[in-house]
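Below is one structure, written out as structure tokens, with a few remarks after it.
Protein chains: 2
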Amino acid sequence: MNGHAAKEGNGRGRGRRPADEVRADVLRTAGDLLLTEGIADLTFERVAKASGVSKTTLYKWWPSKGALALDGYFHAVRETLDFPDTGDVRADLLTQLRAFAHVMIHTPGGRVLAELIGESQTDQDLATAYRKLYSSHRRRLAAERLHRAQELGQIRTDIDVQVLVDQLWGAVYHRLLIPDEPVTDAFIVALVNNLLDGVRPK
Amino acid sequence: MNGHAAKEGNGRGRGRRPADEVRADVLRTAGDLLLTEGIADLTFERVAKASGVSKTTLYKWWPSKGALALDGYFHAVRETLDFPDTGDVRADLLTQLRAFAHVMIHTPGGRVLAELIGESQTDQDLATAYRKLYSSHRRRLAAERLHRAQELGQIRTDIDVQVLVDQLWGAVYHRLLIPDEPVTDAFIVALVNNLLDGVRPK
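Protein sequence lines correspond, in order, to chains A and B. Here the first sequence stands for residues 1 to 202, where the numbers follow full-length UniProt numbering. Here the second sequence stands for residues 1 to 202, where the numbers follow full-length UniProt numbering.
What follows is the structure, given as structure tokens:
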């Protein structure tokens, strides 16, 4: 971002690399670890070794394991959880929510987020990092897609799209964090239909 | 429940009392403590003293502080979070959700639940207690009210009311647990209107 050269090589003898590139490497390493093995195996030691960056630098960029995890996770899922725009908001929401549910249920990602949200209830620094490095960005991306649907007249302009974020993704988090009921495909479909069509008799 | 006489008095010299009555006393004591002071001050010691019941009996009925807290909390808020039935589902949902938001935001109840949900992400026993002693009962009560709205033709019968639970109360929990956005009255009103009316142009 700032264009300064990083002080470290990558352990493969190529010498100095731009900080942005080093940073991206670290985030990729952290994100890969999270999505394949979960958060227990994510240590500064391990990320330093795998990315060829000193622990000092890691701590300078990410003051805590939670911060590193959240930044790494955001970058790891960014592409998978992209918001498609085919012009059909119902189809696009279904596509995105299905991808989201898949990451939550079938990769260690769901556990990672649940544990970070859990810990952030009693750890103010982690709560701030969670919002700053993860949830506020995800909210913004979702809102951008929903605003485009408003511009096309598919969602009324008097609707506060941030409320829809809670009624779609927030509803999935609710089942993830308090698993009284399962996250099924029928659930995902119902989330979208209930909001677009309303639940009163037609 | 079982009609056996409890082995303890209430510390005020009235001798043996029915177990149900003793149990109700303990739950009231625990619930009052939670709603006025939060969970940090809830100890078996303190509840035993305040209710005149031995710690041994408390541990027999509630194997952990979490279990006692959840059972106490459920009973403490049961009346406040009752689901009114005036025959108008929109008005009744608004009334109930406003009462729910009030407890969550303006009493220590919200923090209590957030911390219990948080801890239950890494404590399986607490997660089970949470569902068994609190959330499953709340879900059932909400579903009963929504089913009556279906019987009156106010909500379509093909709607799975459990999904509505996630899109109404779950959405509030989402803002409580990840406070990117505040729980305002406009938010509560939007939750209900979005689902009853749908968000597409009319």
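Yeah, the Cβ is synthetic: ideal placement off N, Cα and C, and Gly gets one too.
Residue 183 of chain B and residue 101 of chain B closer than 8 Å at C-beta: yes
Limits of the alpha helix (DSSP H) - the one that residue 110 of chain A falls within: 109–119
Identity of the residue in B/108, B/63, B/179 and B/48 nearest residue 40 of chain B by Cα: B/108
8 Å Cβ cut-off: residues of chain A touching residue 195 of chain B: 167, 194, 195, 198 and 199
Runs of beta strand (DSSP E) wholly within the stretch 158–202 of chain A (minimum 3 residues, chain order): Taking 3 residues as the shortest admissible run, the stretch 158–202 of chain A contains no complete beta strand (DSSP E) segment at all.
Own chain residues within Cβ distance below 8 Å of residue 62 of chain B, not counting five before or after: 68 and 71
Distance between residue 75 of chain B and residue 28 of chain B (C-alpha atoms, nearest Å): 7 Å
Contact list for the stretch 168–179 of chain A against chain B, Cβ threshold 7 Å: 170, 171, 173, 174, 175, 177 and 178
Cutoff 8 Å: residue 64 of chain B Cβ touching any chain A Cβ: no
Burial state of residue 168 of chain B (16 or more Cβ within 10 Å): buried
Cβ of residue 139 of chain B within 8 Å of any chain A Cβ: yes
Residues that residue 114 of chain B contacts on chain A, provided the C-beta gap is smaller than 7 Å: Result: 121.
Environment of residue 158 of chain B [buried if 16+ CB atoms lie within 10 Å]: exposed
Simplified DSSP assignment, three categories, for residue 138 of chain A: In this structure, residue 138 of chain A counts as helix in the three-state DSSP scheme.
Simplified DSSP state of residue 56 of chain B, which is helix, strand or coil: Three-state result, residue 56 of chain B: helix.
Simplified DSSP assignment, three categories, for residue 79 of chain A: coil
Beta-carbon proximity check, residue 51 of chain B vs residue 32 of chain B, cutoff 8 Å: no
Below-8 Å beta-carbon distance, residue 187 of chain A vs any chain B residue: yes
Simplified DSSP state of residue 61 of chain A, which is helix, strand or coil: helix
Close beta carbons around residue 130 of chain B, own chain, < 8 Å, minus the five adjacent residues each side: 66, 70, 116, 117 and 120
CB of residue 112 of chain B within 8 Å of CB of residue 139 of chain B, strictly: Taking 8 Å as the Cβ cut-off, residue 112 of chain B and residue 139 of chain B do not qualify as a contacting pair.
Interface flag, residue 191 of chain A vs chain B, CB-CB below 8 Å: yes
Rounded straight-line distance, which links the Cα of residue 201 of chain B to that of residue 153 of chain A: 7 Å
Span separating the alpha-carbon of residue 145 of chain A from that of residue 85 of chain A: 7 Å
Min CB distance residue 164 of chain A to chain B below 8 Å: Cβ-Cβ to chain B under 8 Å: yes for residue 164 of chain A.
Where residue 175 of chain B falls, given that 16 or more other Cβ within 10 Å makes a residue buried: Buried: at least 16 other Cβ atoms inside 10 Å.
Within chain A, partners of residue 145 of chain B - CB distance below 9 Å: Correct list: empty, because the minimum Cβ distance to chain A is about 14 Å.
Residue 187 of chain B, buried or exposed, once every other Cβ within 10 Å from all chains shown has been counted against 16: buried
Span of the alpha helix (DSSP H) around residue 124 of chain B: Here the alpha helix (DSSP H) through residue 124 of chain B covers 124–130.
DSSP three-state assignment for residue 146 of chain B, whether helix, strand or coil: helix
Residues of its chain near residue 105 of chain B, where Cβ-Cβ distance is below 7 Å and the 5 sequence neighbours each way are ignored: 183
Own chain partners of residue 44 of chain A with C-beta closer than 8 Å, once the 5 adjacent residues on each side are dropped: 55, 58, 59, 65 and 68
The stretch 146–159 of chain B: positions lying closer than 7 Å to chain A by Cβ: 153, 154, 155, 156 and 159
Assigned secondary structure, residue 29 of chain B (DSSP; H/G/I helix, E/B strand, else coil): helix
Beta-carbon proximity check, residue 103 of chain A vs residue 81 of chain A, cutoff 8 Å: The answer is yes: Cβ separation under 8 Å.
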